[in-house]
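If you read the protein sequences in the order shown, they are chains V and D. Counting in the numbering used here, the first sequence runs without a single skipped number right up to 338 at its last residue. Counting in the numbering used here, the second sequence runs without a single skipped number right up to 338 at its last residue. Yeah, the Cβ is synthetic: ideal placement off N, Cα and C, and Gly gets one too. Computed from a predicted structure; not experimentally measured. Read through the structure below, which is laid out as structure tokens, and then see the notes.
Protein chains: 2
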Amino acid sequence: MTYELYYWPTIQGRGEFIRLALEEAGAAYVDVGRQKNGADKVAAALAAQATPSFAPPFLTAGALTIGQTANILLYLGARHGLAPRAEAGRLWVHQLQLTITDLVNEAHDTHHPVGVSLYYEDQKKEAKRRAADFIGNRIPKFLSYFEGVLQQPKRRGGFLVGSRLSYADLSMFQVMEGLRYAFPKAMKRLEPAYPGLVALHDHVAQRPNIAAYLASKRRIAFNEDGIFRHYPELDR
Amino acid sequence: MTYELYYWPTIQGRGEFIRLALEEAGAAYVDVGRQKNGADKVAAALAAQATPSFAPPFLTAGALTIGQTANILLYLGARHGLAPRAEAGRLWVHQLQLTITDLVNEAHDTHHPVGVSLYYEDQKKEAKRRAADFIGNRIPKFLSYFEGVLQQPKRRGGFLVGSRLSYADLSMFQVMEGLRYAFPKAMKRLEPAYPGLVALHDHVAQRPNIAAYLASKRRIAFNEDGIFRHYPELDR
């Protein structure tokens, strides 16, 4: 079976968390949005699902269509060894993923604090206030939390859960990448407090399948249409 | 086994989605935050978990501690018949719940557009802009989506998934309650377009366990410390 991923063709966005899981798993998939007329295909599929998604990304797996990033990862994690088999472990990885989702939403809102329906240019002043709060309070609170998970007394191997890589580790890599892209000055200052997260990021980047993906054309570059955007005026 | 719910004692907040599921299921639970010195107990438990939560609510089920609202509902849904047994149905209910989560986050951000670390009074101007976008664009987009799910050709029984109540239906009831409380003028104008959601709300309110809960002291009243807040200046 070949998965079909439906997401916008020009951004990493929320689709990137799915791409990383599919790539690490070595799963066969088509990134439909990046085919010819891909954006049209995504929009058409979005309008014609039996279990409709509010927005991309969504994934088809045979007859199944699954929406919501964390939900897709819940599914892929169970099928590709990217989550523990036991229920307690599965729930714990999913809990971490949903907390990463919260962090990603807040990162998005730094450039869209007043509304997703408006352009960044129409909310720059508010974005400055929100980004200052995000850098000053929220990034440290979230990264301290995840660093604390990594540094728990009985943890081994440097992964968030158990002694094996999970989809939450892949997503954490992407969050570190994104925060570094969006807020390079702030992250340079903040990162030394989170050695476990930096090491996890580096480990994920060097895994063979991920390294090959990152070096390929399949990896879209960060840009100012995605979730993590570099606006120098928001960094400090 | 008696569940222990850990959440703040004075608000419905995100804990309410869990309370509604526990009440509908007739499950034995202690709402720890509402006991004597409850807020202290919640804070102490938050600091001492093997699988730490970023924030309440979290639920203990025997030796298991589960955080993140949608994740707790995923767990309770499987145990108390509040989700389909088959994987496709379980994922579909969870997808809807995660979309409800997105809507709830956006409702929260109408009064905290600039940052959760700041008071509402320090972001009133920005809140007015965000609330206008929420009422004008986002509420209609979300409610149209859920109404569309209810009105799919083969749907029966008025529930979001299958022919039985799921935890997503309970959460949808709470969203309608919250939106009506926060934006009574806007909702009075918008609601006629969503007859399926109004009927679902009314059905849930009349279920025996839910009706008993809503009439009890266990149901905390909406107020201006929760997610859904009524600030007349944000309604229109």
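Cα-Cα, which of V:TYR269, V:MET103, V:PRO242, V:GLN137 is closest to THR112 (chain V)?
-> V:GLN137
Could one say the Cβ of ARG231 (chain V) lies closer than 8 angstroms to chain D's Cβ atoms, at least one of them?
-> yes
Mind checking which residues open and close the beta strand (DSSP E) that includes ASP133 (chain V)?
-> 131-133
Closest to LYS290 (chain V) by CA distance: which of V:VAL251, V:ILE241, V:SER265 is it?
-> Looking at the Cα atoms, V:ILE241 is the closest of the given residues.
Count the C-beta pairs between the region 112-123 of chain D and the region 257-275 of chain D that are closer than 8 angstroms, then say yes if the count reaches three, no if not.
-> yes
Contact between the region 287-301 of chain V and the region 137-156 of chain V (3+ Cβ pairs under 8 angstroms) = no
Can a CB atom of chain D be found closer than 8 angstroms to the CB of GLN253 (chain V)?
-> no
For ASN325 (chain D), does the count of other Cβ atoms within 10 angstroms reach 16, so buried, or fall short, so exposed?
-> exposed
Alpha-carbon spacing of ARG338 (chain D) relative to VAL277 (chain D), whole angstroms | 18 angstroms
By how many angstroms is the C-alpha of PHE156 (chain D) removed from the C-alpha of VAL251 (chain V)?
-> 10 angstroms
Quick one: using the 10 Å Cβ neighbour count with 16 as the cut-off for buried, is ASP211 (chain V) buried or exposed?
-> buried
Report all residues from its chain with a CB closer than 8 angstroms to the CB of LEU148 (chain V); omit the five preceding and five following residues, and keep chain order.
-> TYR108, PRO154, SER155, ALA157, PRO158, PHE160
Proximal residues of chain V, C-beta to C-beta of ILE399 (chain D) below 7 angstroms = Outside the displayed span of chain D (103 to 338) sits residue 399 (chain D), for which this structure offers no information.
Where ARG192 (chain D) falls, given that 16 or more other Cβ within 10 Å makes a residue buried = buried
Considering ILE237 (chain D), what are the terminal residues of the alpha helix (DSSP H) in which it resides?
-> Premise fails: ILE237 (chain D) is in no alpha helix (DSSP H) and is neither H nor E.
In chain D, what lies closer than 7 angstroms to TYR177 (chain V) by C-beta?
-> LEU193
Interface residues of chain V around ASN325 (chain D) at Cβ under 9 angstroms?
-> The premise fails here: ASN325 (chain D) is roughly 23 angstroms from chain V at the closest Cβ pair, so nothing lies under 9 angstroms.
Determine the burial state of THR104 (chain D): buried for a count of at least 16 other Cβ atoms within 10 Å of its Cβ, exposed for fewer.
-> exposed
Residue nearest to VAL306 (chain D) in terms of C-alpha spacing, selected from D:GLY260, D:GLU223, D:LEU176, D:THR162 = D:GLY260
Enumerate in chain order the residues of its own chain whose CB-to-CB distance from VAL195 (chain D) is below 6 angstroms, with the five nearest sequence positions on each side excluded.
-> In its chain, beyond the 5 residues on either side, ALA185, VAL263, SER268, ALA270 have a beta carbon closer than 6 angstroms to the beta carbon of VAL195 (chain D).
How should TYR339 (chain D) be labelled, buried or exposed, when 16 other C-beta atoms within 10 angstroms of its C-beta is the threshold for buried?
-> Only positions 103 to 338 of chain D appear in this structure, which leaves residue 339 (chain D) out of reach.
8 angstroms contact criterion, which GLU125 (chain V) and ILE312 (chain V) should meet: CB distance rounded = 6 angstroms
Within this structure, are the beta carbons of LEU205 (chain D) and GLU249 (chain D) separated by less than 8 angstroms?
-> no
Could you work out which residues of chain D lie near GLY117 (chain V), taking near to mean beta carbons separated by less than 7 angstroms?
-> Listed along chain D, no residue sits closer than 7 angstroms to GLY117 (chain V) by beta-carbon distance, the nearest being about 15 angstroms off.
Using the C-alpha atoms, what's the distance from TYR131 (chain V) back to GLU347 (chain D)?
-> Shown here, chain D extends from 103 to 338; a query on residue 347 (chain D) therefore has no answer.
With a floor of 4 residues, list each alpha helix (DSSP H) that falls wholly inside the region 157-224 of chain V, ordered by position along the chain.
-> 171-181, 189-211
Please compile the residues from chain D whose C-beta is within a distance smaller than 7 angstroms of the C-beta of SER219 (chain V).
-> ASP235, ASN239
Could you check the C-alpha separation between LEU198 (chain V) and VAL218 (chain D) for me, to the nearest Å?
-> 20 angstroms
With 8 angstroms set as the bound, which would you pick, yes or no: does the beta-carbon of TYR247 (chain D) sit closer than that to a beta-carbon of chain V?
-> At a cut-off of 8 angstroms between C-beta atoms, TYR247 (chain D) counts as an interface residue with respect to chain V.
Please confirm if THR340 (chain D) has its CB atom under 8 angstroms from at least one CB of chain V.
-> No answer is possible for residue 340 (chain D): the residues shown for chain D start at 103 and end at 338.
Can you name the residues that DSSP bridges to TYR108 (chain D)?
-> Residue pairing by DSSP places TYR108 (chain D) opposite D:PHE160 in a beta bridge.
For GLY128 (chain V), does the count of other Cβ atoms within 10 angstroms reach 16, so buried, or fall short, so exposed?
-> Result: exposed.
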